[in-house]
């Protein structure tokens, strides 16, 4: 079966660094995506990893280890506006290239 | 910028009604998707389509059907709405399936079935 796990909730302080982990077990792998979703809004694309290693994009970085089925999203210099849900998603190369999602991690940033 | 538009933001329907949720994208994307999002369960794929008149079942297709008569439009149909179909429905589109191409989501339709 297909399974993506990530923590349900996390809390961090403004200005700090937070790491959101994601583990996956899927048949077929064509890349891993992270999306951000503010309450009441649509998810928006943050990052994409298809090879092992770290991808950096401003305050956000994402890491992938395909052999371990593991990824993390690193958010630096946290701001209040980073309070949102973060969705880990795997693009499959079987069954029509669909994308499946984890349940999401709600991040609360406190002052 | 890709724009994915869902026809209704909020919808209230009665049990047994036939419900149509419409989605239009303006980027000539081949691939379109319907998800539902429920607390604690995340986004679950209902149906997707990789070409006009083509459709594939996702993980939870029961009680739903879809229609893709034109490339830019992908409709989700609830043949006979039930209360367990109360949910947020999100439409998404995507460019080439095998390449680096994220999903672009509409703003969602919050459907309540009473």
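Residue numbers (the numbering used here), protein chains in the order written: chain A, 1 to 111; chain B, 112 to 225.
Each residue gets a CB set at the ideal place from its N, CA and C atoms; glycine is no exception.
Separation of residue j from residue i, as counted between CA atoms
i: residue 196 (chain B); j: residue 150 (chain B); result: 13 Å
i: residue 62 (chain A); j: residue 78 (chain A); result: 15 Å
i: residue 92 (chain A); j: residue 23 (chain A); result: 15 Å
i: residue 48 (chain A); j: residue 34 (chain A); result: 7 Å
i: residue 168 (chain B); j: residue 159 (chain B); result: 7 Å
i: residue 161 (chain B); j: residue 185 (chain B); result: 11 Å
i: residue 3 (chain A); j: residue 138 (chain B); result: 31 Å
i: residue 59 (chain A); j: residue 82 (chain A); result: 11 Å
i: residue 127 (chain B); j: residue 50 (chain A); result: 44 Å
i: residue 124 (chain B); j: residue 166 (chain B); result: 25 Å
i: residue 70 (chain A); j: residue 176 (chain B); result: 34 Å
i: residue 118 (chain B); j: residue 187 (chain B); result: 11 Å
i: residue 190 (chain B); j: residue 153 (chain B); result: 24 Å
i: residue 99 (chain A); j: residue 155 (chain B); result: 9 Å
i: residue 199 (chain B); j: residue 147 (chain B); result: 6 Å
Below-8 Å beta-carbon distance, residue i vs any chain A residue
i: residue 185 (chain B); result: no
i: residue 156 (chain B); result: yes
i: residue 213 (chain B); result: yes
i: residue 206 (chain B); result: no
i: residue 218 (chain B); result: yes
i: residue 152 (chain B); result: yes
Other residues of its chain near residue i: CB distance less than 7 Å, five sequence neighbours each side excluded
i: residue 140 (chain B); result: 204, 205 and 206
i: residue 115 (chain B); result: 134, 136, 202, 203, 204, 215, 216 and 217
i: residue 170 (chain B); result: 155 and 156
Identified DSSP bridge partners for residue i
i: residue 195 (chain B); result: DSSP output for residue 195 (chain B) lists no bridge partner at all.
i: residue 50 (chain A); result: In DSSP, residue 50 (chain A) forms no bridge with anything.
i: residue 153 (chain B); result: B:149
Same chain only: Cβ atoms within 6 Å of residue i, ignoring 5 sequence neighbours per side
i: residue 212 (chain B); result: 205 and 206
i: residue 85 (chain A); result: 37, 104 and 106
i: residue 143 (chain B); result: 160, 185 and 204
Burial state of residue i (16 or more Cβ within 10 Å)
i: residue 6 (chain A); result: buried
i: residue 217 (chain B); result: buried
i: residue 122 (chain A); result: Residue 122 (chain A) is absent from the model: chain A starts at 1 and stops at 111.
i: residue 181 (chain B); result: exposed
i: residue 25 (chain A); result: exposed
i: residue 53 (chain A); result: exposed
i: residue 164 (chain B); result: exposed
i: residue 27 (chain A); result: exposed
i: residue 179 (chain B); result: buried
i: residue 120 (chain B); result: exposed
Residue-level contact to chain B via CB, residue i, 8 Å cutoff
i: residue 48 (chain A); result: yes
i: residue 20 (chain A); result: no
i: residue 105 (chain A); result: no
i: residue 102 (chain A); result: yes
i: residue 99 (chain A); result: yes
i: residue 39 (chain A); result: no
Contacts around residue i, its chain only, beta-carbon distance under 8 Å, and the 5 residues preceding and following it disregarded
i: residue 122 (chain B); result: 130, 132, 220, 221, 222 and 223
i: residue 14 (chain A); result: 78, 79, 80, 109, 110 and 111
i: residue 57 (chain A); result: 46 and 47
i: residue 17 (chain A); result: 74, 75, 76, 77 and 78
i: residue 65 (chain A); result: 52 and 71
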